[in-house]
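Chains as they are written, first to last, in the numbering used here: chain A, 1 to 148; chain B, 1001 to 1148; chain C, 2001 to 2148. Using N, Cα and C, we set each Cβ at its ideal position, and we do this for glycine too. Worksheet: the structure to be examined is printed underneath.
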């Protein structure tokens, strides 16, 4: 199954963790050019509570509409489980927490937890996100309404 | 002290981080078979506020009783310090945060912080947890009661 | 630009992540000797809302004054982006969350989020922090006052 050396696999894992780090920073600093550059054109998103977004452009349009204006966001990702199908295809599961605040009032609107299930591909020497599915364990719509 | 190559040590560290990632996901998704498979039979737990649990089976029985029914949990672990005593024995310290919610009401019952001090052993080619001690810096029993 | 092998770079990255882990643990357990040992003498801090601290000694004096007495703190750092300028100089960006509690009352005083922008140098074979800048995305002065 694994077609590449253990050292190459360690390096690929570091590249994928860096990809993830940039994604979380890009969304929270609203660096949409960076955000777009991390995703393959044919990236598919399927996040609980939302319809499928079948391309990277549709995804980023929706993310910007949801989080771009009047919202301050925090996306933190934890303890990855990255496995390789080949030297150019990988899967990852990350624990996650997100917070969405109204920027003007500072009110916490949404506080969520769950797991990102993702796929990555190395295309032309560069690792990119090819799919993302967010499986929630808990979403709190504040104040204090739980939608587990 | 370290009896194995730097590359082997990097690979062992990745295996231990993967073990930890699976543990946090197993408890929060209530995948008790996975949870059990990550721990050596003779695993010892000593978490602040609880008596020692001298085997993995006793530990998991207690964890299921505390968190398995009617509770939604979040366990996030951060910035590991992993050191090797030999090629088959390691220690780790992880920053941690946990949240325990009542699933039905969504009420936050406990919000805690601290450090996991753990040991790991490679037995028959597989890294397993052999002990875990949770040292708390803060536990908030909600609402707003602090037990530092 | 990178003057050392990919394996050496992986090892250096692990050393820097360990440095960061020790820093977060040192501040939250108030282990000031450990904290000081992680920083170069000429370490420069520039955290939003504070003046520049031009040496490690000035920095630690301020950190102790702010957090050392009567405060329980949590500093968690996430998904590093570490890049090397040479085999002895590196930069890092980390997502971060911090909480500052009044120890006696348990009251949450400050809850913040942002990104640490740091530099590191290997001096005499040991990686040290040489600068730290905290760029905030959000600071909540509790209860419920937002200073984004």
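In this structure, residue 7(A) sits near residue 2007(C), with a CB-CB distance shorter than 8 Å. Closer than 8 Å to the CB of residue 1046(B) there is not a single CB belonging to chain A. Non-local C-beta neighbours of residue 1127(B) in its own chain, meaning closer than 6 Å and more than five positions away in sequence, comprise 1015, 1016, 1019, 1120, ordered along the chain. Under the Cβ criterion of 8 Å, residue 2138(C) is counted among the residues facing chain A. Every unbroken stretch of the beta strand (DSSP E) spanning 3 or more residues and falling wholly within the segment 1023-1074 of chain B is given here in chain order: 1039-1047. In the DSSP annotation of this structure, the continuous segment of the beta strand (DSSP E) that includes residue 2119(C) starts and ends at 2108-2123. Chain C places a beta carbon closer than 8 Å to that of residue 106(A), counting this residue as a contact. Per DSSP, residue 2131(C) is one residue of the beta strand (DSSP E) stretching across 2126-2141. Apart from sequence neighbours up to five positions away, the residues of its chain that approach residue 47(A) with a beta-carbon distance below 6 Å are 134, ordered along the chain.
Among the CB atoms of chain B, none fall inside 8 Å of the CB of residue 50(A). Residue contact check for residue 20(A) against chain C: a CB pair falls below 8 Å. In terms of beta-carbon proximity, residue 141(A) stays away from the interface with chain C, with every pair separated by 8 Å or more.
Going by C-alpha positions, residue 2104(C) is about 41 Å away from residue 117(A). In the DSSP annotation of this structure, the continuous segment of the beta strand (DSSP E) that includes residue 1101(B) starts and ends at 1089-1102. For residue 2010(C), the nearest beta carbon of chain B is closer than 8 Å to its own beta carbon.
Taking residue 2077(C) as reference, the option from 2065(C), 2095(C), 2125(C) with the minimal CA-CA separation is 2095(C). Scanning 101(A), 30(A), 33(A), 129(A) for the CA closest to the CA of residue 140(A) turns up 101(A).
Residue 2090(C) and residue 142(A) have their C-alpha atoms roughly 40 Å apart. With a cutoff of 8 Å on beta-carbon distance, residue 2072(C) and residue 1138(B) are scored as near each other.
The beta carbon of residue 1078(B) sits closer than 8 Å to some beta carbon of chain C. Beyond the five residues adjoining it in sequence on each side, residue 70(A) comes within less than 8 Å, by CB distance, of 102, 103, 104 in the same chain, given in chain order.
At a cut-off of 8 Å between beta carbons, residue 1115(B) contacts chain C.
Bridge partners of residue 2083(C) according to DSSP: 2091(C). Proximity of residue 2084(C) to chain B, defined by a Cβ-Cβ separation below 8 Å, is not satisfied. By the Cβ rule, the segment 2047-2058 of chain C does not count as touching the segment 50-60 of chain A, because fewer than three pairs are nearer than 8 Å. Not a single CB atom of chain B sits nearer than 8 Å to the CB of residue 74(A). Taking the beta carbon of residue 1095(B) as reference, the chain C residues within 9 Å of it are 2021, 2024, 2025, 2028, 2074, 2075, 2076, 2077, listed in sequence order. Counting of Cβ neighbours within 10 angstroms places residue 2066(C) among the exposed residues, the total staying below 16. A check of alpha carbon separations from residue 61(A) across 32(A), 37(A), 92(A), 10(A) identifies 32(A) as the nearest.
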